[in-house]
Amino acid sequence: MSNEIKSIQMPKWGMEMSEGEINAWHVEIGAQVNAEDDLVDVETSKIINTVTAAHSGVLRAIVAQTGETHDVGALLGVLASAETSEAEIQAFIDSHKTTSADSVAAKPVASEPAPAVTDAAPKASSNSALAEGGDDGHIAASPVARRLAAEYGVNLNNITGTGRHGRVSKSDLEAVVTASGGQLVGTNPAAPAGAAQHGDDSQVKATPVARRLAKELGINLHECRVSGDRGRVCKADVEAAAALKNKLPAQSVTVSSAPSSSESQVISGMRKTIAARLQSSKQTAPHYRVQIDAELDNLLATRKQINDANTQTKVSVNDFIIKACASALIRVPAVNVQFDGEQVTQFADADISVAVAIKDGLITPIICGANNKGLEGISHEMRDLSTRAKLNRLKPEEFQGGSFCISNLGMYGIKQFDAIINPPQGAILAVGSGEQRAVVKNGELAVATVISLTLSSDHRIIDGAVAAEFMSVLKGFLEQPATMLV
Amino acid sequence: MSIQQYDLMVVGGGPGGYVAAIRAAQLGFKTALVEKQHLGGVCLNWGCIPTKALLRGADIAHTLKEADHFGFSFDNLSFDINKLVKHSRSVASKLSGGVAYLMQKNNITVIDGTATVAEKCLLDVSHNGAVTQYRSNHIILATGARARNLPNIEIDGDLVWGAREAMTPTALPGSLLVIGGGAIGVEFASLYNDLGTDVTLVEAAERITPAEDAEISALAEKSFAQRGIKILTNTLVDSIEGAGKQALALIKGADGDQHLKFDQVILAVGIQGNIEGLGLESLGVKTENSFLSADPFGRTNLVGLYAIGDVAGAPWLAHKASHEAIVCVENIAGIEAVQPLNKNRVPGCTYCRPQIASVGLTEAQAKAAGHSIRVGRSSLSANGKALAIHEAEGMVKTIFDADSGELLGAHMIGPEVTEQIQGFGIAQQLAATEHDLAHTIYAHPTVSESMHESVLDSLGVAIHQ
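So the protein sequences, as listed, match chains A and B.
If you read the first sequence in the working numbering, its first letter stands for residue 1, the second for the next number, and so on.
If you read the second sequence in the working numbering, its first letter stands for residue 487, the second for the next number, and so on.
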């Protein structure tokens, strides 16, 4: 046991995530943690999330201090048993530094425990001779033993039962499997998520407390003995199963650590990422802009008709712009792209990122497949996404990706502006405020509600004529919204 | 001037509205609450809390009457109803101040005024003649409800009191007619009877507390009759006329018409939702019998508009409003696995003497719903603690689904049963079966041991009866 030292690493929560800032440790050095316990809050460019323990053990060292920023894969802390010596812990930290210096994603191979049976089929770990023996249906065995025997591929004829009335018990089966050199499922403390092997445990009778505890400890209820009243798995059963999984003493050992040295005000993780990504975008993507004005009077009339006709709907001008962009992207697919510097990926559907201002930053939730959605659907989805964006409740998949971006500052009365492309996308539309302007029609002065739209495109992949075509199609959809129906 | 923008606005500061505002603020919404009169709503100011303060006085009156049984005797006992009312009002104002503190603590903007929904996601708030507009993606209406009048009898605040006047009397009426045998009417009948008024209680249905299980109603009726409250069921009050300082009531019942005189009348025949003046008609918001129609998450048919609490319909209870507030706001915030309110899990409490408390289905409802049921009963006359405190009047009735063991309903009448009903509520929430309840250890000696006996009785293994 003593040499099983495990690393806590900076996770990778999304395509864009390259580093994270340590926000707060939930656990102190010397504390015993169980698998899936909360360890440390990490702030990325977009979210604050919690790193949970992949293994159980004693937190022996905190390498990454609160306030520090570390690359994905970097060593944040060390989990080990209480008996592991200081020297071993230090050697582990040092070795990790060298390996991670070579490659961010490299794992400390030497110290990682041998993979348990969980990755392979369980039967692979038992002696094939045990599988022989013909029909064993008549052998008295506990239901758990019988199910495990099937999993391990063991014929019950090969086992001498020691349970009540000579029944084959779970421990009989496990003894035979171990004796033949096999590995046990769910009993190896190094086996990550061994519970998952047993699948759905919702049908297992259990007390509400036991069910909840099992979920938190990562215990499958099938793994638990049943000692509660009326055949229910109770709390003690789950705790017993958890203890079996994590045979580690809860003795605490204090490791001295350097106090946090950051005193100056560091910008937030989100601000840092906005800074890094947009700087990189502006430096690597040759931006150019094309601008067009569109008259909104038809659109506003249509919007009024829709909103007046249906209490369930409050379609905004922005919802129309999302829909119109989606339609235009399908018409001019060369703009509906992502570019990683080498490869251009063109998408069949328009996944439109919409910039939403939130406290201390901005985020771009995505209306996926906006081309396949109606205005009402887009409106409802946008309301939900922007509500949850402001509450910091978006899931990563709801704001990561997208094939095109819209930034609308019209509500502030901004007439026109330029936006910076949101990589790896190829273009972004900056939307100004719809306002009444004097226009000349057929030589006569007239009043129309006009909106100015500016497209910033990456010239490496979108040429001027393509951008211009997109804008002209977009203008058409906005000025005659009914044409979007076709 | 640009329009102020909030993420979420609540109209009404009662136990639905202020809870919604606090939960929204906790979740990170920029939140405002519009209140036209006083924070805390009817519950804190003119309902649940001040009536309980008065009923405490009634309890003391009752205890004093029983004093002789325990060996106490005294004379020159006097009672000043103004002091009791003063106690009641001071509790109300203290709690209202507490809500104001909670708004401040949670950074919620409290806007004084009367709100109108101008259009989708737009509120007009008028205050002292000035109208201010606010934009909010989510607007929760928690405007509550008020006492309903009868077509021929109206609350005038003089001869005919509503709940407000009934909880701020300046003198004790000699005789009182209470119209309506629901929770509110029964509480006032019990209160004034204990304080010494001659009370007549009229109910149109065949029994008082018609929402409760029939056996509970029967026990309540028996207890009330023993205390000298005259109960007229299947009876209507046709008219009230002034006759000097008294009210002349034309009462139509099984025994024919009779004219009776009372010093005072209390009208408690139900409530109606406060939906007027909110601008809802022109926006096409759906209503049903003076209440707003909303789905289990409080969503009305108007986008961004929600309704919770009394204005969203029965049961008209503060704790139902507060729970709906949480469900509504958490659902807006996209919290996963928010469960809608289950109306069968809303407990109901009536603070008459003896108290009545219930949760879930009555026996008749359970049968009508097609359940095959097991019923347990336990009388307080076999309960040591109830006998010791000389309050052995009452029962606990439990109704289980015979197949699943689910607790379908629990009905209690007796001392402090309103404090005990939580036990059954928790059992329902945890989906406990009759066996879980039977295997729970109940402390002795307590009145709530009767809960255990009732469960055991449903299994046919009651120990003490």
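Ideal placement from N, C-alpha and C gives every residue a C-beta, glycine not left out.
Neighbour flag for residue i against chain A, beta carbons, 8 Å
i	result
B:C838	no
B:D781	no
B:C814	no
B:I818	yes
B:K883	no
B:V797	no
B:N787	yes
B:T848	no
B:N623	yes
B:D493	yes
B:H925	yes
Collapsed DSSP secondary structure at residue i in the structure displayed
i	result
A:Q32	strand
B:A518	strand
B:C838	coil
B:L588	helix
B:I818	helix
B:Y997	For residue 997 of chain B there is no data in the structure shown, the boundaries of chain B being 487 and 951.
B:L866	helix
B:A547	helix
B:V664	strand
B:F556	helix
B:H938	helix
B:A878	coil
A:L296	coil
A:V486	coil
A:K282	helix
A:T178	helix
B:Q908	helix
B:C529	helix
Short CB-CB distance (under 8 Å) between residue i and chain B
i	result
A:Q312	yes
A:K272	no
A:P396	no
A:R230	yes
A:M391	In the sequence on display, residue 391 of chain A carries Leu and not Met. So, interface residue.
A:T52	no
A:R212	no
A:R277	no
A:N49	no
A:N307	yes
A:P333	no
A:P365	no
A:P286	no
A:P481	no
A:P208	yes
Residue i: CB within 7 Å of a non-hydrogen atom of the ligand PLP
i	result
B:G660	Although the ligand PLP was asked about, the structure shown includes no ligands whatsoever.
Residue-level contact to chain E via CB, residue i, 8 Å cutoff
i	result
B:C835	Annotation note: the requested chain E is absent from the structure, which comprises protein chains A and B.
Next item on the list: Ignoring anything shorter than 4 residues or poking outside the stretch 315-390 of chain A, list the alpha helix (DSSP H) runs there in chain order.
Entry: Runs of the alpha helix (DSSP H) inside the stretch 315-390 of chain A: 317-331 and 375-390.
Check: Just by C-beta distance, which residues in the stretch 510-533 of chain B are closer than 9 Å to chain A?
Finding: Against chain A - using a Cβ distance shorter than 9 Å - the residues of the stretch 510-533 of chain B are L513, G514, F515 and K516.
Item checked: the stretch 675-684 of chain B / the stretch 594-610 of chain B touching (three or more Cβ pairs under 8 Å) -> no
Checklist line | alpha helix (DSSP H) runs contained entirely in the stretch 34-108 of chain A, provided each spans 4 or more residues | finding: Runs of the alpha helix (DSSP H) inside the stretch 34-108 of chain A: 86-102.
Checklist line | the stretch 844-856 of chain B / the stretch 903-920 of chain B touching (three or more Cβ pairs under 8 Å) | finding: Touching, per the Cβ criterion.
Check: When the Cβ atoms of the stretch 429-439 of chain A are set against those of the stretch 401-411 of chain A, are three or more pairs found closer than 8 Å?
Finding: yes
Next item on the list: Check each residue of the stretch 376-391 of chain A: if its Cβ is closer than 7 Å to any Cβ of chain B, include it; give the result in chain order.
Entry: R383, D384, T387, R388, K390 and L391
Check: Could you give the uninterrupted runs of the beta strand (DSSP E) lying entirely in the stretch 608-684 of chain B, keeping only those of 3 residues or more?
Finding: 608-613, 616-627, 631-633 and 661-665
Next item on the list: Return the chain-ordered ranges of every alpha helix (DSSP H) run that is complete within the stretch 750-804 of chain B and spans a minimum of 4 residues.
Entry: 766-769
Note to self: Residues of the stretch 907-920 of chain B in Cβ contact with chain A at a cutoff of 7 Å, in chain order, please.
What the structure shows: Cβ contacts with chain A come from L916.
Notebook entry, point to check: For the stretch 423-441 of chain A, which residues have a beta carbon sitting closer than 7 Å to at least one beta carbon of chain B?
Noted result: none
Item checked: Inter-stretch contact (C-beta, 8 Å, three-pair minimum) for the stretch 9-23 of chain A and the stretch 41-56 of chain A -> yes
Check: Do three or more CB pairs link the stretch 772-784 of chain B to the stretch 809-828 of chain B at distances below 8 Å?
Finding: yes
Check: Name the residues in the stretch 755-776 of chain B whose C-beta lies less than 9 Å from a C-beta of chain A; which are they?
Finding: L769, G770, V771 and K772
Margin query: With three or more beta-carbon pairs closer than 8 Å as the criterion, would you say the stretch 612-626 of chain B touches the stretch 800-808 of chain B?
Written below: With a cut-off of 8 Å, the stretch 800-808 of chain B and the stretch 612-626 of chain B do not count as touching, because too few Cβ pairs lie within range.
Check: Could you give the uninterrupted runs of the alpha helix (DSSP H) lying entirely in the stretch 690-716 of chain B, keeping only those of 4 residues or more?
Finding: As far as the stretch 690-716 of chain B is concerned, its whole alpha helix (DSSP H) runs of at least 4 residues are 700-712.
Notebook entry, point to check: Just checking, does the stretch 461-469 of chain A make contact with the stretch 318-334 of chain A on the three C-beta pairs under 8 Å criterion?
Noted result: yes
Notebook entry, point to check: Any chance the stretch 696-703 of chain B sits against the stretch 725-745 of chain B, with 3 or more Cβ pairs inside 8 Å?
Noted result: No: the two stretches stay apart, fewer than three of their Cβ pairs being nearer than 8 Å.
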